[in-house]
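First up is the structure itself, then whatever we jot down about it.
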Amino acid sequence: TMTCAHFVLSLICLLSIAQETCQSSSSSLYQERRLISVNVGDNVTLQCLYEDDDDASLIYWYKQPLGKQPKIISTYLKYKKEGTFHDEFLNNTRLTLNMTDNTLYLKISDVKASDSATYYCLKYSYQFKIVRVKGSMVHILGGALAFTIILILLLAFEEILHYAALNVIQVSKTGRKRNITKTECVYSTVKN
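This is the structure in structure tokens:
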């Protein structure tokens, strides 16, 4: 189980990842696809690829629905080759963890609208503390109102740049008439 200290440290570093408070090492963490669009009922597999030889590490999956705080989905203990789901995800048969070489996969079967969120892969190393955090947005297609968010966070020791693009698609359904789609885009950048 994850201790309170690990959880607090994980969230602090997750929220302040662009600052130098989290140390980094020579290891890397990758999530290949940052925006994934799927239909309700489809299956989606998120992957967290990391490069290092640190067997004393933990890999976490977090889920952050739009406008809500991140929730921990799972913890994977690399040296035990063992994964554990937490809280509301504990008995969710639609979620599975699979580890091959240096990639941890999170599979979501029979996707539901409530699965729409940003999924973060976070690696905690006892030696280096938090090493890397990467995120992928899962966008569920369809519905009367859909949001697409692209969020890029650059890590410590790099130039700080926060960028967000919000794409709002409103679909109005009328009796026998053709569906009318209205799209609005908002972009914002802040460079320090």
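All letters in the sequence shown, in the order written, are residues -18 to -1, 1 to 174 by mature numbering (1 follows the signal peptide of the UniProt record, and there is no 0).
We put the CB at the ideal spot given by N, CA and C, even for glycine.
As the structure is a computational prediction, the values presented were derived from the model and not from experiment.
Does the beta-carbon distance from residue 58 to residue 79 come in below 9 Å? yes
Assuming residue 27 and residue 106 form a contact by the criterion Cβ under 8 Å, report the distance between their Cβ atoms to the nearest whole angstrom. About 22 Å; that fails the 8 Å criterion.
To the nearest whole angstrom, what separates the beta carbons of residue 45 and residue 95, a pair I think is in contact under 8 Å? Incorrect: roughly 14 Å between the Cβ atoms, too far for contact.
Applying the 10 Å Cβ sphere with the 16-neighbour rule, what's the burial state of residue 70? exposed
Identify which residue in 68, 39 and 92 has its Cα closest to the Cα of residue 61. 39
Relative to the alpha-carbon of residue 25, which residue among 49, 83 and 90 has its alpha-carbon at the smallest distance? 90
Hey, could you find the ends of the beta strand (DSSP E) residue 70 is sitting in? Per DSSP, residue 70 belongs to no beta strand (DSSP E) and is neither H nor E.
Assuming residue 97 contacts residue 23 under a Cβ cut-off of 8 Å, what Cβ separation, rounded to an integer in Å, is found between them? 11 Å between Cβ atoms; not a contact.
Please confirm whether residue 85 and residue 30 have their CB atoms less than 9 Å apart. yes
Would you report the Cα separation of residue 75 and residue 67, rounded to the nearest angstrom? 11 Å
In this structure, how does DSSP classify residue 98 when only helix, strand and coil are distinguished? coil
Going by other Cβ atoms of all chains shown within 10 Å of its Cβ, with 16 needed for buried, is residue 72 buried or exposed? exposed
Should residue 17 go down as buried or exposed, given a rule of 16 or more other Cβ atoms within 10 Å for buried? exposed
Looking at residue 76 and the ligand MN, is the gap between the Cβ and the nearest heavy atom below 8 Å? By its list of ligands, the structure shown contains no ligand whatsoever, and the ligand MN lies outside what it can speak to.
State the beta-bridge partners of residue 197 as determined by DSSP. Nothing can be reported for residue 197, as the shown portion of the chain is limited to -18 through 174.
Evaluate residue 54 with the Cβ neighbour count: other Cβ atoms within 10 Å of its Cβ, from every protein chain shown; 16 or more gives buried, anything less gives exposed. buried
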